[in-house]
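Trainee: First to last, the protein sequences are chains E and P. The opening residue of the first sequence carries number 80 in my numbering; numbering runs sequentially from there. The opening residue of the second sequence carries number 80 in my numbering; numbering runs sequentially from there. Idealized CB from N, CA, C, for every residue including glycine. Remember, predicted model here, so these are calculated numbers, not experimental data. Structure incoming, see below.
Protein chains: 2
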Amino acid sequence: MPDGTMSTGGGPLTVGGLGEAGILRILNRRFAAVPASQDWPEGTVGPGDDAAVVAAPDGRFVITTDAMAQDRDFRMTWPAASSPGATAATRAGGSFAGGYATGWKAAAQNLSDINAMGAEPSGLLLALTMPSSTSLAWIEGLAAGLAAAVIHLGASRCRVVGGDLGSDDRITLAVTATGDLQGRAPSRRTLSVGRQDLPEGSDPGLDLILSGQAGWAAAGLDVLDTGRDELLRRLEAAEEAGLPGVRRAAALAASAQLRPRPPLGAGQRAAESGALAMMDVSDGLLKDTGRLAAANRLHAELDPEWVQAEARALRPLAQALDRDAEHWVRAGGEDYGLLAVLPAGGSAGSRLPAGFRRIGRLVSRAAAETAGGEEQSGAETNGGPDGWDHFSAPFRSRPQIR
Amino acid sequence: MPDGTMSTGGGPLTVGGLGEAGILRILNRRFAAVPASQDWPEGTVGPGDDAAVVAAPDGRFVITTDAMAQDRDFRMTWPAASSPGATAATRAGGSFAGGYATGWKAAAQNLSDINAMGAEPSGLLLALTMPSSTSLAWIEGLAAGLAAAVIHLGASRCRVVGGDLGSDDRITLAVTATGDLQGRAPSRRTLSVGRQDLPEGSDPGLDLILSGQAGWAAAGLDVLDTGRDELLRRLEAAEEAGLPGVRRAAALAASAQLRPRPPLGAGQRAAESGALAMMDVSDGLLKDTGRLAAANRLHAELDPEWVQAEARALRPLAQALDRDAEHWVRAGGEDYGLLAVLPAGGSAGSRLPAGFRRIGRLVSRAAAETAGGEEQSGAETNGGPDGWDHFSAPFRSRPQIR
Chain E
80 MPDGTMSTGG GPLTVGGLGE AGILRILNRR FAAVPASQDW PEGTVGPGDD AAVVAAPDGR
140 FVITTDAMAQ DRDFRMTWPA ASSPGATAAT RAGGSFAGGY ATGWKAAAQN LSDINAMGAE
200 PSGLLLALTM PSSTSLAWIE GLAAGLAAAV IHLGASRCRV VGGDLGSDDR ITLAVTATGD
260 LQGRAPSRRT LSVGRQDLPE GSDPGLDLIL SGQAGWAAAG LDVLDTGRDE LLRRLEAAEE
320 AGLPGVRRAA ALAASAQLRP RPPLGAGQRA AESGALAMMD VSDGLLKDTG RLAAANRLHA
380 ELDPEWVQAE ARALRPLAQA LDRDAEHWVR AGGEDYGLLA VLPAGGSAGS RLPAGFRRIG
440 RLVSRAAAET AGGEEQSGAE TNGGPDGWDH FSAPFRSRPQ IR
Chain P
80 MPDGTMSTGG GPLTVGGLGE AGILRILNRR FAAVPASQDW PEGTVGPGDD AAVVAAPDGR
140 FVITTDAMAQ DRDFRMTWPA ASSPGATAAT RAGGSFAGGY ATGWKAAAQN LSDINAMGAE
200 PSGLLLALTM PSSTSLAWIE GLAAGLAAAV IHLGASRCRV VGGDLGSDDR ITLAVTATGD
260 LQGRAPSRRT LSVGRQDLPE GSDPGLDLIL SGQAGWAAAG LDVLDTGRDE LLRRLEAAEE
320 AGLPGVRRAA ALAASAQLRP RPPLGAGQRA AESGALAMMD VSDGLLKDTG RLAAANRLHA
380 ELDPEWVQAE ARALRPLAQA LDRDAEHWVR AGGEDYGLLA VLPAGGSAGS RLPAGFRRIG
440 RLVSRAAAET AGGEEQSGAE TNGGPDGWDH FSAPFRSRPQ IR
């Protein structure tokens, strides 16, 4: 039991009786589990002051922020040990209600953005608003999950450097991450000008490569959205019908949704290998390859054979849940893989960085219209079935997890 | 009318039909008004990528974040031109609903934290969640107010470098600010060890100094919380009773609440003048001087004569509203003045930096008990009447502006 906690009439312990100082004690104790927290270099300042001071060895730093709202970007009821997605990590988070997965995801999606700039994470800040009825278990889980993601994703030089607490009727959190650069930061728009202005129909010779998986987090959301009894019934029926490994696939998919694993370090490797542009895949391959292409006035084509191969391991689970495995792969978000552009394979400049696979290519617009590949719109169109837009029309009024 | 906006059945225009790209266009056009946005130095990256890249000339950077929730930290109904607090700046924000004041405050309180570390603001990030029913006027106001604060507070090297949009039932925003350092960053705890361990009852010789005003923002909240008709009635009655300048004081107070003016630059000046510790005053002088003292195992005493003098200009307004002007000065938050500690006056080391006034001193604990001054608790006690704690017990269930 944390120091200073108070019972509120026999119900679950809540943050209401703790005061800001008490809540900060709980958070800071969990954040101290992050290895780099043991060492604050000369000239840096950690939490507890008006602002933190963070080292920027390159004379620049990378920074990103993401907001998450209750029932939109996370669920209070996200499962713990008893779910089909139970793994060692889930069981460790079992007493933390949905907070553990929420903290993990908040850290992971921000660390992924740092990775996508070819940088190494250096700091996290947590701005949190919540009602006084928020359970201590949830807040302990949030902090533990956030620290666990930093540790298990390998962000070994990253610390929680600050934050802010506020009260509200619902929980929202905004995590900010910073990172160190070493050399150039390939953005979404760094394809050389010469390549952008190719004649229509010509092939710019640009491969799309991916580190990390695609479709598993979306499959996991479908697993988590299926009622427990219904899920067990469907998995049993699938096993009886001879579909192999559906239980294990369901567990892996839930884990991919609750504890996504962006391939930290892949950004730096790709940058060193000559990647011309990079971005992380948060809203699905179709949407995000389309954005990357559009930023360079090109079109993206996913290799249909790669999509089929990537969908293979998901197919039995998709069948059990009446879903389409290839749709998960093409349109499913939140896997936080790293997408990059590399000069096309052949004799020169085509060395694939470790951990990456070729998944398609960028083509000029006219080429896209004649190619037999999987054509996509590069425009920032409505989310619809092909990816996620928070404010697409018609606005989705029911809670949605992007 | 912004490009691409859509009417929703004749009602006010909302963000629901715009999509993320449309909302981003509105925000980015407003943020482009910030002077530094015209120039992104080589090697830096602005909004539109996975993350931004910001220069850190000192090899370090300062960073802080603050969350604000609808009806807690800001109000949708914050007034525009027709209020008694109308000034040129308010009238400029008149068509923006409450968004303008919200954006200004969000920027101001974060820039204030950067100032309190002796740094110069370099970047802002905005993480925003909102319902699809949010009016375009509000969001335009938010962006315009944020940009206006950067411009009018003199953060001339600060840009909006990134952000994030999400949907939620209510509006929350989390602003992150970064800053450049030149030399040391006086924190709250940088008093030298020798001074911390003085014998009980001895005088450590440390003056409390303040740049900026105290009490006006709290007075402004009382002005804004008084119904319009009631306020006009009270102001007229006060004028008839011969109280001088109450209308003007009400306007200045409302402006202090809606558009606080942290003294940017004062942090760097104080650091150069040998300030030993600094922090900004967000939760009121009593609470914040208490925190600064407690961080150094000392007590804070406000000079009663200074409090009386500071309250003088607020007294007629306080009388009109049946409030206590000295309580506004001592306990009122959100003026975002800069508090610093300087070696006590005399021959050596006592040069007051420009814009600062001496408002009290730090004393050892035993000295505090015998001194006749205004004694305060250094402990992080309940907010109560002496300052604001978001999670004080009992939790305040009615909307409160800190």
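So for Asp-248(P), helix, strand or coil by DSSP?
Mentor: What you label residue 248(P) is simply residue 169 of the second sequence in a count that begins at 1. Three-state DSSP puts Asp-248(P) in coil, outside helix and strand.
Trainee: Can you check whether the C-beta of Arg-370(E) is within less than 7 Å of a C-beta belonging to chain P?
Mentor: Against the first sequence, residue 370(E) aligns to sequence position 291. So, not an interface residue.
Trainee: In three-state terms, what does DSSP make of Arg-437(E)?
Mentor: Along the first sequence, one-based indexing puts residue 437(E) at 358. Looking at Arg-437(E) - three-state DSSP - the assignment turns out to be strand.
Trainee: Indicate whether the contact test is met: 3 or more Cβ pairs, each with one atom in the stretch 403-418 of chain P and one in the stretch 351-371 of chain P, closer than 8 Å.
Mentor: Yes: at least three Cβ pairs fall under 8 Å.
Trainee: Can you tell me which of Gly-434(P), Ala-298(P), Gly-258(P) puts its alpha carbon nearest to the alpha carbon of Arg-139(P)?
Mentor: As a position in the second sequence, residue 139(P) is number 60, starting the count at 1. Of Gly-434(P), Ala-298(P), Gly-258(P), the residue nearest in Cα terms is Gly-258(P).
Trainee: Using a C-beta to C-beta distance shorter than 9 Å, which residues of chain P count as neighbours of Arg-249(E)?
Mentor: Along the first sequence, read from residue 1 onward, the residue named residue 249(E) stands at position 170. Simply Ala-148, Asp-247, Asp-248, Arg-249, Thr-251.
Trainee: What did DSSP end up calling Gln-149(E) once you bin it into helix, strand or coil?
Mentor: Residue 149(E) sits at position 70 when you count from the first residue of the first sequence. Three-state result, Gln-149(E): strand.
Trainee: Does DSSP put Leu-300(P) in a helix, a strand or coil?
Mentor: Here the question's residue 300(P) lines up with position 221 in the second sequence. If DSSP states are grouped into helix, strand and coil, Leu-300(P) belongs with the helices.
Trainee: I need the straight-line Cα distance from Trp-385(P) to Ala-373(P), nearest angstrom please.
Mentor: Locating residue 385(P) in the second sequence gives position 306, counting from the first residue. Locating residue 373(P) in the second sequence gives position 294, counting from the first residue. Looking at the two C-alpha atoms, the distance is approximately 22 Å.
Trainee: May I ask you to report which of helix, strand or coil DSSP gives Glu-232(P)?
Mentor: Locating residue 232(P) in the second sequence gives position 153, where the first residue counts as 1. The question names Glu, yet the displayed sequence has Leu at residue 232(P). In this structure, Leu-232(P) counts as coil in the three-state DSSP scheme.
Trainee: With a CB to CB cut of under 7 Å and the five nearest residues on each side skipped, what residues in its chain are close to Gly-284(E)?
Mentor: Within the first sequence, the letter at position 205 stands for residue 284(E). The residues are Pro-422, Ala-423.
Trainee: Scan the stretch 173-197 of chain E for residues whose Cβ lies nearer than 7 Å to a Cβ of chain P and list them as they occur along the chain.
Mentor: Those would be Asp-192, Ile-193, Ala-195, Met-196, in chain order.
Trainee: With a threshold of 8 Å on Cβ separation, who are the neighbours of Ser-352(E) within its own chain once the five nearest residues in sequence on each side are excluded?
Mentor: Here residue 352(E) refers to the residue found at position 273 when the first sequence is read from its first residue. Same-chain partners within the cutoff: Leu-421, Arg-430, Leu-431, Pro-432.
Trainee: In whole angstroms, what separates the C-alpha of Ala-187(P) from that of Glu-389(E)?
Mentor: Looking up residue 187(P) in the second sequence gives position 108. Looking up residue 389(E) in the first sequence gives position 310. Roughly 49 Å separates the two Cα atoms.
Trainee: So which residues on chain E does Arg-376(P) lean against when the C-beta distance must stay under 8 Å?
Mentor: What you label residue 376(P) is simply residue 297 of the second sequence in a count that begins at 1. Within chain E, no residue comes near Arg-376(P); the closest Cβ sits about 15 Å away, beyond 8 Å.
Trainee: First and last residue of the beta strand (DSSP E) that includes Thr-93(P)?
Mentor: Stepping through the second sequence from its first residue, residue 93(P) is reached at position 14. First-last for Thr-93(P): undefined, no H or E at that position.
Trainee: From this set, Ala-115(E), Gln-336(E), Glu-199(E), which residue's C-alpha is nearest Leu-260(E)'s C-alpha?
Mentor: In the first sequence, the residue the question calls residue 260(E) occupies position 181. Taking only the C-alpha atoms, the option nearest Leu-260(E) is Glu-199(E).
Trainee: What is the rounded straight-line gap between the Cα of Leu-207(P) and the Cα of Val-442(P)?
Mentor: As a working note, residue 207(P) is residue 128 in the second sequence. As a working note, residue 442(P) is residue 363 in the second sequence. Straight-line Cα distance between these residues: approximately 43 Å.
Trainee: DSSP puts Met-357(P) in a beta bridge; with which residues?
Mentor: Locating residue 357(P) in the second sequence gives position 278, counting from the first residue. Ala-419(P).
Trainee: Looking at chain E, which residues of the stretch 205-232 of chain P have a Cβ within less than 7 Å of any of its Cβ atoms?
Mentor: Listed by position, the residues of the stretch 205-232 of chain P near chain E (Cβ gap below 7 Å) are Ala-206, Leu-207, Thr-208, Ser-211.
Trainee: Just to confirm before moving on: does the CB-CB distance between Ala-397(E) and Val-325(E) stay below 7 Å?
Mentor: Along the first sequence, read from residue 1 onward, the residue named residue 397(E) stands at position 318. Along the first sequence, read from residue 1 onward, the residue named residue 325(E) stands at position 246. The answer is no: Cβ separation not under 7 Å.
Trainee: Going straight from the alpha carbon of Thr-492(P) to that of Ala-332(P), what length do you get?
Mentor: What is shown of chain P runs 80 to 481, which leaves residue 492(P) out entirely.
Trainee: Of the residues Leu-365(P), Arg-338(P), Ala-226(P), Gln-387(P), which one's Cα is nearest the Cα of Val-528(P)?
Mentor: Because chain P here runs from 80 to 481, residue 528(P) falls outside it and cannot be looked at.
Trainee: Under 7 Å Cβ-Cβ, which residues of chain B neighbour Met-358(P)?
Mentor: The chain labelled as chain B is not found among the protein chains of the depicted structure, namely E and P.
Trainee: So what does DSSP say about Asp-128(E), is it helix, strand or coil?
Mentor: Residue 128(E) sits at position 49 when you count from the first residue of the first sequence. Reduced to three states, the DSSP call for Asp-128(E) is coil.
Trainee: Please name the residue or residues paired with Ile-288(P) in a DSSP beta bridge.
Mentor: The sequence position of residue 288(P) within the second sequence is 209, counting from 1. Bridge partners of Ile-288(P): Ala-419(P), Arg-437(P).
Trainee: List the residues of chain E whose Cβ lies closer than 7 Å to the Cβ of Asp-145(P), in chain order.
Mentor: Counting from one through the second sequence, the residue named residue 145(P) turns up at place 66. Ala-206, Asp-243, listed in chain order.
Trainee: For Leu-260(E), return the contacting residues in chain P, with the cut-off set at a CB-CB distance below 8 Å.
Mentor: Start at 1 with the first residue of the first sequence, and residue 260(E) comes out as number 181. Those are Val-132, listed as they occur along chain P.
Trainee: Roughly how many angstroms separate the alpha carbons of Ala-320(P) and Ala-330(P), rounded to a whole number?
Mentor: As a first step, residue 320(P) must be located in the second sequence, where it is residue number 241. As a first step, residue 330(P) must be located in the second sequence, where it is residue number 251. So the two alpha carbons sit approximately 19 Å from each other.
Trainee: Going by beta carbon distance, what residues of the same chain come within less than 8 Å of Ala-146(E), once the five residues before and after it are set aside?
Mentor: Translated into positions along the first sequence, residue 146(E) becomes position 67. Asp-152, Thr-251, Leu-252, Ala-253, listed in sequence order.
Trainee: For Asp-82(E), is the classification buried or exposed, using 16 other Cβ atoms within 10 angstroms of its Cβ as the cut-off for buried?
Mentor: Looking up residue 82(E) in the first sequence gives position 3. Confidence in Asp-82(E) is poor, its pLDDT being 38 and thus under 50, which makes the residue's placement too unreliable to answer from.
Trainee: So is Glu-405(E) buried or exposed if we call it buried at 16+ other beta carbons inside 10 Å?
Mentor: Position 326 of the first sequence, counted from the first residue, corresponds to residue 405(E). By the 10 Å Cβ count, Glu-405(E) comes out buried.
Trainee: Rounding to the nearest angstrom, what Cα-Cα distance links Glu-219(E) and Asp-150(P) in this structure?
Mentor: One-based indexing of the first sequence puts residue 219(E) at position 140. One-based indexing of the second sequence puts residue 150(P) at position 71. Roughly 26 Å separates the two Cα atoms.
Trainee: Residues bridged to Phe-140(P) by DSSP?
Mentor: Locating residue 140(P) in the second sequence gives position 61, counting from the first residue. Its beta-bridge partners are Val-133(E).
Trainee: According to DSSP, is Val-113(P) part of a helix, a strand, or is it coil?
Mentor: To locate residue 113(P), count along the second sequence from 1; it is residue 34. Here Val-113(P) sits in coil by DSSP.
Trainee: Taking the continuous beta strand (DSSP E) assigned at Gly-202(P), which residues delimit it?
Mentor: In the second sequence, counting from the first residue as 1, residue 202(P) sits at position 123. That run of the beta strand (DSSP E) goes 199-209.
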